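A.B. asks: Numbering (numbering that gives the first Met the number 0), first residue to last: 0 to 286.
A virtual CB, placed ideally from N, CA and C, is assigned to each residue, including glycine.
Model, not experiment: these values are computed from the prediction.
Take a look at this one; I'll ask things after.
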Amino acid sequence: MKLKALMMSAATAALLAGAATAEQHDGDSEMENSAEAAAEEAGDAAQEAGQAAEQAGEAAENAAEDAAQATENAAEEAGQEMEEAGNEMEAEAEEAGNEMEAEADETGGEMAGEGQFTSIEEMTVGDVTGMSVFDPEDGRIGEIDYVIDRGDGAEAVIGIGGFLGLGEYTVALPISEFELQQDPEGFSVDTDRETLEQQPEIDESEIEELPDDMMMSELMSDEMGNDMGENSEMGDSEMDAGMSDDAASNSESGSDSGSGSDSEMSEGGDSSDSGEMSEDGESQSNN
Numbered sequence: 000m001k002l003k004a005l006m007m008s009a010a011t012a013a014l015l016a017g018a019a020t021a022e023q024h025d026g027d028s029e030m031e032n033s034a035e036a037a038a039e040e041a042g043d044a045a046q047e048a049g050q051a052a053e054q055a056g057e058a059a060e061n062a063a064e065d066a067a068q069a070t071e072n073a074a075e076e077a078g079q080e081m082e083e084a085g086n087e088m089e090a091e092a093e094e095a096g097n098e099m100e101a102e103a104d105e106t107g108g109e110m111a112g113e114g115q116f117t118s119i120e121e122m123t124v125g126d127v128t129g130m131s132v133f134d135p136e137d138g139r140i141g142e143i144d145y146v147i148d149r150g151d152g153a154e155a156v157i158g159i160g161g162f163l164g165l166g167e168y169t170v171a172l173p174i175s176e177f178e179l180q181q182d183p184e185g186f187s188v189d190t191d192r193e194t195l196e197q198q199p200e201i202d203e204s205e206i207e208e209l210p211d212d213m214m215m216s217e218l219m220s221d222e223m224g225n226d227m228g229e230n231s232e233m234g235d236s237e238m239d240a241g242m243s244d245d246a247a248s249n250s251e252s253g254s255d256s257g258s259g260s261d262s263e264m265s266e267g268g269d270s271s272d273s274g275e276m277s278e279d280g281e282s283q284s285n286n
């Protein structure tokens, strides 16, 4: 009985063990299948994620390319607009410049017509100041720095050479030696630069320039008056000298004439008296 019971127990244990083993194998298979399924699902998910990432990258790349193209297009359009605006502004500026130039030419022509001088007498000291001075060959000597009067009449101070008023050699010439000319515009003098540079340089600190609003005609008339006065004085002196010479000559002539008359009268008187006396004497003696 015991053996049978033991055998029964052993058989039962074996059955239970086999069942447990079978169940364990079944569980392992199910777990293995579940793991495989999970792995497959994970792989599928990873693949889908990779595809999604790739699509997102392509979309981002496309968006970036579109944005870059849009920016490029916008920049190109802006450049074209700026170029067109620049061309328009340039055209307007050129047109305005042409109008201003035309107006300036017209105004300058009117001013030139109004301010065209035909002689130095029509000008003021301010008009003369700054004008160029030329030699007889139209070689530029310098320019008139200012006009002065040192008591002997108006003179123009010419600045020769130098730069911006520095290093100039300054000499003064009477206004009467200047002649107005139009081409080249300025004054001409009957001398050259080398000759003027041999003259003594004037001391500008000791002279006073004349005011700009003074008319040159007034200075020229004063100078002519001084010249006429000098000529008059010279004429009076010459006349006085001539009269003195004439008086002396007349005195000499008178002396000579008187001497001759006296001589003749003396001779005539003597002869007459002697003749009468001799006749009287003869007649008296005869009587």
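State the start and end residues of the unbroken alpha helix (DSSP H) segment that holds Asp-191.
C.D. replies: Careful: Asp-191 lies outside any alpha helix (DSSP H) and carries neither H nor E.
A.B. asks: What separation, rounded to the nearest whole angstrom, lies between the Cα atoms of Met-88 and Ala-74?
C.D. replies: Roughly 20 Å separates the two Cα atoms.
A.B. asks: Among Ala-34, Gln-115 and Met-99, whose alpha-carbon lies nearest the alpha-carbon of Asp-182?
C.D. replies: Considering only alpha carbons, the answer is Gln-115.
A.B. asks: Leaving out five residues before and five after Gln-283 in sequence, what residues of the same chain have Cβ atoms less than 7 Å from its Cβ?
C.D. replies: Note that Gln-283 scores 43 on pLDDT, short of 50, meaning its location in the model is unreliable and no value can be drawn from it.
A.B. asks: Taking only the alpha-carbon atoms, compute the straight-line gap between Pro-173 and Gly-125 and give it to the nearest angstrom.
C.D. replies: Taking the straight line from one Cα to the other gives about 17 Å.
A.B. asks: Could you check where the alpha helix (DSSP H) with Gly-150 kicks off and where it finishes?
C.D. replies: Element bounds for Gly-150: n/a, residue is neither H nor E.
A.B. asks: Expressed to the nearest angstrom, what Euclidean distance is found between the alpha-carbon atoms of Glu-207 and Thr-169?
C.D. replies: Approximately 14 Å, taken between the alpha carbons.
A.B. asks: When burial is assigned at 16 or more other CB atoms within 10 Å of the CB, is Leu-14 buried or exposed?
C.D. replies: Counting Cβ neighbours within 10 Å, Leu-14 comes out exposed, since fewer than 16 surround it.
A.B. asks: Can you check whether the C-beta of Asp-126 is within less than 8 Å of a C-beta belonging to chain B?
C.D. replies: No chain B is present in this structure, which holds just one protein chain.
A.B. asks: Give a yes or no on contact between the segment 210-222 and the segment 141-152, applying the rule of three or more CB pairs nearer than 8 Å.
C.D. replies: Contact between the segment 210-222 and the segment 141-152 is present, because at least three Cβ pairs lie under 8 Å.
A.B. asks: From Val-132 to Asp-212, what distance separates their C-alpha atoms?
C.D. replies: Computed Cα separation, rounded: 21 Å.
A.B. asks: If you measure between the beta carbons of Ile-159 and Gly-141, is that distance less than 8 Å?
C.D. replies: Yes, the Cβ-Cβ distance between Ile-159 and Gly-141 is below 8 Å.
A.B. asks: Determine the burial state of Leu-165: buried for a count of at least 16 other Cβ atoms within 10 Å of its Cβ, exposed for fewer.
C.D. replies: Leu-165 is exposed by the Cβ-count criterion.
A.B. asks: Below 8 Å on the Cβ atoms is my contact criterion, and I expect Leu-195 with Ile-157 to pass it. Report the Cβ-Cβ distance as a whole number of Å.
C.D. replies: Yes, Leu-195 and Ile-157 are in contact; Cβ-Cβ is about 7 Å, under 8 Å.
A.B. asks: Give every residue of the same chain whose Cβ lies closer than 6 Å to the Cβ of Glu-178, excluding the five residues on either side of it in the sequence, and list them in chain order.
C.D. replies: Same-chain partners within the cutoff: Ser-187.
A.B. asks: Quick one: grab the DSSP three-state call for Asp-65.
C.D. replies: It is helical.
A.B. asks: DSSP puts Glu-178 in a beta bridge; with which residues?
C.D. replies: Ser-187, per the DSSP bridge assignment.
A.B. asks: What residues in its chain sit with their C-beta under 7 Å from that of Ala-38, if we drop five residues either side in the sequence?
C.D. replies: So the list is empty, once near-sequence residues are dropped.
A.B. asks: Rank Gly-49, Gly-129, Asp-151 and Glu-136 by C-alpha distance to the C-alpha of Asp-189 and give the top, closest one.
C.D. replies: Cα-wise, what sits closest to Asp-189 is Glu-136.
A.B. asks: Sort Ile-119, Glu-167 and Gly-161 by Cα distance to Glu-154 and report the nearest one.
C.D. replies: Answer by Cα proximity: Ile-119.
A.B. asks: Using the three-state DSSP reduction, which class does Asp-202 fall into: helix, strand or coil?
C.D. replies: Reduced to three states, the DSSP call for Asp-202 is coil.
A.B. asks: Where do the N-terminal and C-terminal ends of the alpha helix (DSSP H) with Gly-125 fall, by residue?
C.D. replies: Per DSSP, Gly-125 belongs to the alpha helix (DSSP H) from 124-127.
A.B. asks: Quick check: what's the CA-CA separation for Ala-84 versus Arg-139?
C.D. replies: Between Ala-84 and Arg-139, the C-alpha separation is close to 48 Å.
A.B. asks: Going by DSSP, what residues sit across from Met-214 in a beta bridge?
C.D. replies: Looking at the DSSP assignment, Met-214 forms a beta bridge with Thr-123.
A.B. asks: Where does Ala-59 land, buried or exposed, given buried means 16+ other C-beta within 10 angstroms?
C.D. replies: So Ala-59 counts as exposed.
A.B. asks: What is the rounded straight-line gap between the Cα of Glu-98 and the Cα of Gly-150?
C.D. replies: Cα to Cα, Glu-98 sits roughly 51 Å from Gly-150.
A.B. asks: State buried or exposed for Glu-31, treating a residue as buried only when at least 16 other CB atoms are found within 10 Å of its CB.
C.D. replies: With fewer than 16 other Cβ atoms within 10 Å, it is exposed.
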